[in-house]
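Residue numbers (the working numbering): 98 to 389.
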């Protein structure tokens with residue numbers, strides 16, 4: 098179902114993309130998995146992320162009213178990416194203007210679907226809209242920055258009793274173009290949404306991006322990881338939390354280890370072999386096959 102909407106005067110007339118139903122795989126944008134775009138803390142963050150590495154520059158700024166968009170808020174963008182990729186693969190037209198019900202988003206991201214969860218979703222949408230990003234990523238000239246908010250606009254549709262009928266939102270060109278590029282999107286394990294810590298959520302995304310399905314795995318210098326996280330915590334605290342994650346091994350599909358070499362600490366990670374059917378079911382949010 099598509100119809101023309103005049104929702105955004107600034108974006109002009111956009112066709113409305115209505116999300117599809119049913120269980121679909123979760124997809125994440127690789128740029129968002131690689132670089133520090135979100136706060137990893139549940140408490141309000143207003144201090145900017147000002148990151149530079151080589152030709153990559155990222156400046157993320159927040160308002161005092163709402164604070165910076167968090168890695169939990171980014172679940173909305175994972176839902177958007179998943180819907181757009183699914184529609185594209187099925188030959189359906191897509192758009193930056195997306196309609197959905199709160200229940201769809203909350204169910205997909207494994208949140209509760211009650212009033213409190215809906216209020217948290219609205220607060221997250223406000224943070225996504227008010228957080229501004231300026232980045233050189235995917236710019237032809239690295240000195241030029243693309244500036245945007247994660248959501249250009251969003252609005253509720255209510256019935257006469259004030260009950261929410263749905264949400265409409267407009268995502269920025271920078272995000273939309275990246276999602277449409279098949280080379281810039283990865284499927285992630287749906288159990289990711291069950292990870293409760295900001296650092297372990299961020300770590301899963303960067304491990305999934307760099308470790309992939311490589312038998313030999315990958316490794317990062319811990320100090321380098323700290324820089325890429327954009328976290329406000331000092332390196333000592335970051336390392337302490339990283340060690341706890343390695344002890345608990347919560348990341349689906351990967352085994353983590355800390356190694357010491359030449360006086361420096363490195364995090365290594367390797368993909369855990371999994372039955373193909375189990376893997377497919379886990380991506381869709383189902384438990385693995387019982388082989389007992």
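Every residue gets a Cβ at the ideal spot worked out from N, C-alpha and C, and that includes glycine. Since this is a predicted model, take the numbers as computed values, not measurements.
- In this structure, 342 is the residue among 277, 280, 219 and 342 with its C-alpha nearest to the C-alpha of residue 295.
- Each of 347, 351 and 275 was checked against the Cα of residue 305, and the nearest Cα belongs to 351.
- Here residue 199 has 215, 218, 261 and 264 as same chain residues with Cβ atoms under 7 angstroms from its own Cβ, once five neighbours each way along the sequence are excluded.
- Three or more Cβ pairs closer than 8 angstroms define a contact, and the stretch 232–247 meets that threshold against the stretch 144–160.
- In the structure shown, residue 171 falls within a helical segment according to DSSP collapsed to helix, strand and coil.
- Going by DSSP, residue 285 is part of the beta strand (DSSP E) stretching over 282–285.
- Here the alpha carbon of residue 223 sits roughly 7 angstroms from the alpha carbon of residue 163.
- Linking residue 209 to residue 203 through their CA atoms gives a straight-line distance of about 7 angstroms.
- When Cβ pairs closer than 8 angstroms are counted between the two stretches, the stretch 170–184 is seen to touch the stretch 272–287, the count reaching three or more.
- Residue 263 is bridged by DSSP to 254.
- Rounded to whole angstroms, the Cβ separation of residue 268 and residue 248 is 6 angstroms, and the two are in contact under 8 angstroms.
- Secondary structure in the stretch 300–345: the alpha helix (DSSP H) runs of 4 residues or longer, each lying completely within the stretch, are 319–326 and 332–345 in chain order.
- Looking at the DSSP output, residue 296 shares a beta bridge with no other residue.
- Going by beta carbons, residue 300 and residue 359 fall outside the 9 angstroms limit.
- Residue 124 sits buried, since 16 or more C-beta atoms from the chains shown fall within 10 Å of its C-beta.
- Around the beta-carbon of residue 297, 16 or more other beta-carbon atoms lie within 10 Å, marking it buried.
- The Cβ atoms of residue 322 and residue 364 lie closer than 9 angstroms to each other.
- The beta carbon of residue 229 sits closer than 6 angstroms to those of 158 and 246, all from its chain and outside the five residues before and after it, given in chain order.
- In the three-state DSSP reduction, residue 182 falls in the helix class (H, G or I).
- The residue from 168, 254, 242 and 144 with its alpha-carbon nearest to that of residue 196 is 254.
- Comparing alpha-carbon positions, the option among 136, 353 and 166 lying closest to residue 313 turns out to be 353.
- Rounded to the nearest angstrom, the gap between the Cα atoms of residue 110 and residue 303 is 36 angstroms.
- Beta-bridge partners of residue 150 (DSSP): 153.
- DSSP, read as helix, strand or coil, puts residue 191 in coil.
- Assignment of residue 362 by DSSP, reduced to helix, strand and coil, places it in the strand class.
- Shown here, residue 177 sits in a helix according to DSSP, grouped into three states.
- Excluding sequence positions up to five before and after residue 319, its CB lies within less than 7 angstroms of the CB of 336, 339, 362, 363 and 364, all in the same chain and listed in chain order.
- A straight-line Cα-Cα distance of about 19 angstroms links residue 315 and residue 129.
- Collapsing the DSSP output to three states places residue 134 in coil.
- Where residue 230 is concerned, the enclosing beta strand (DSSP E) starts and stops at 229–232.
- Look at residue 112 here: in three-state DSSP terms it is strand.
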